[in-house]
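Peer 1: The structure that follows is given in the form of structure tokens.
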Amino acid sequence: MNESPFNPLADDVFALAVWDEGWGSYNNCYLLVRGDRVLLIDTGKAEHFPHLQAALATLGKTAADVTALIATHGHPDHIGSAHRFTNARKYIHPNDVPMLTAEARELFTDSLPDHGDVQGLTCWLWGDHTPGSCVLYDGVSHVTFAGDPICFFGQALPQGELVERAPALRETLTALIAQGELWRDPRVQPERFQRGVAYLSGLDTSHFATGHGVVLHGDLKGFFSNLIEASNTHTQGES
367 MNESPFNPLA DDVFALAVWD EGWGSYNNCY LLVRGDRVLL IDTGKAEHFP HLQAALATLG
427 KTAADVTALI ATHGHPDHIG SAHRFTNARK YIHPNDVPML TAEARELFTD SLPDHGDVQG
487 LTCWLWGDHT PGSCVLYDGV SHVTFAGDPI CFFGQALPQG ELVERAPALR ETLTALIAQG
547 ELWRDPRVQP ERFQRGVAYL SGLDTSHFAT GHGVVLHGDL KGFFSNLIEA SNTHTQGES
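To convert a position in the sequence shown, counted from 1, into our numbering, add 366.
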């Protein structure tokens with residue numbers, strides 16, 4: 367098993383997944399390198415920093431070259447290495463600031479908007495999983511970074527590949543939603559989830575990059591449509 371696969375999603379967009387033995391899951395980070403700007407989306411845990419260093423090195427960069435860090439949300443497995451990027455502006459949505467440690471609050475001094483542009487990306491507040499969970503869309507590469515409301519925590523990479531169509535994982539997730547299993551997590555609310563997936567379905571997405579596990583590509587509008595249908599099936603069944 368590759369413990370830290372690092373793959374391009376576009377000419378200047380890259381995905382890193384770090385295997386976390388304690389959690390039994392991949393934790394994902396993403397890099398966008400454009401001109402003199404290096405943007406990092408999520409950092410993984412503090413102990414994952416050496417993997418990020420290695421990924422940056424393959425691009426001829428170091429942590430000091432990162433100009434901006436955006437956290438999709440405030441959980442420690444997404445901001446644990448933030449202090450290592452001393453030259454980067456650090457963004458998080460204000461709704462997640464209360465969950466940060468005092469040290470992290472001092473780092474994340476820039477705020478993500480409910481809906482607007484940040485560092486060349488379009489940010490949209492989803493608010494599922496955490497109150498400040500955000501979706502980031504890159505209109506240049508058409509990659510969508512979505513954090514954890516939809517992710518593949520604890521799942522092996524299909525065929526050992528980080529970037530895949532992953533039909534079996536899509537079917538499994540759709541079935542879990544139709545059965546109502548996703549709503550057992552109190553952080554996930556059906557109405558917010560449906561609103562988020564509806565937003566995703568309106569984007570022209572080439573790759574769907576979540577906080578954990580495989581990065582999906584191929585017929586993503588169909589995938590989101592299936593999730594909406596599965597969610598409606600469950601909620602109608604309960605009414």
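Quick reminder that beta carbons are idealized off the backbone N, C-alpha and C, glycines included.
This one's a predicted model, so the numbers in the text were calculated from it and none came from an experiment.
Assuming A354 contacts L435 (C-beta within less than 8 Å), just tell me the rounded distance between them.
Peer 2: Beyond the ends of the chain as shown, which are 367 and 605, falls residue 354; an answer cannot be given.
Peer 1: Beta-carbon within less than 6 Å of G577's beta-carbon, same chain only, minus the 5 sequence neighbours each way: which residues are those?
Peer 2: The answer, listed in chain order, is N394, G513, D514, C517.
Peer 1: Tell me the rounded alpha-carbon separation between H414 and V563.
Peer 2: When rounded, the distance between both Cα atoms is 30 Å.
Peer 1: Which residues share a DSSP beta bridge with R550?
Peer 2: Per DSSP, none; premise fails for R550.
Peer 1: Comparing alpha-carbon positions, which option in G493, F474, A470, L473 lies nearest D668?
Peer 2: Nothing about residue 668 can be reported from this structure: the residues present for the chain run from 367 to 605 only.
Peer 1: So the candidates are A381, I543, G388; which of them puts its Cα closest to the Cα of N598?
Peer 2: Considering only alpha carbons, the answer is I543.
Peer 1: Quick check on the burial criterion: 16 or more other C-beta atoms within 10 angstroms. Buried or exposed for W389?
Peer 2: Under this definition W389 is an exposed residue.
Peer 1: Please determine, among L586, A575, T540, L569, the residue with the shortest C-alpha to C-alpha distance to E595.
Peer 2: For the residues L586, A575, T540, L569, the minimum Cα distance to E595 belongs to T540.
Peer 1: Would you call D377 buried or exposed, if buried means 16 or more other Cβ atoms sit within 10 Å of its Cβ?
Peer 2: Label assigned to D377: exposed.
Peer 1: Would you kindly work out how many angstroms separate the C-alpha atoms of E547 and R558, rounded to a whole number?
Peer 2: When rounded, the distance between both Cα atoms is 16 Å.
Peer 1: Measure the CB-CB distance between H439 and T496 and report whether it falls below 8 Å.
Peer 2: Yes.
Peer 1: Using a threshold of 8 Å, state whether the C-beta atoms of S391 and G520 are closer than that.
Peer 2: Closer than 8 Å, so yes.
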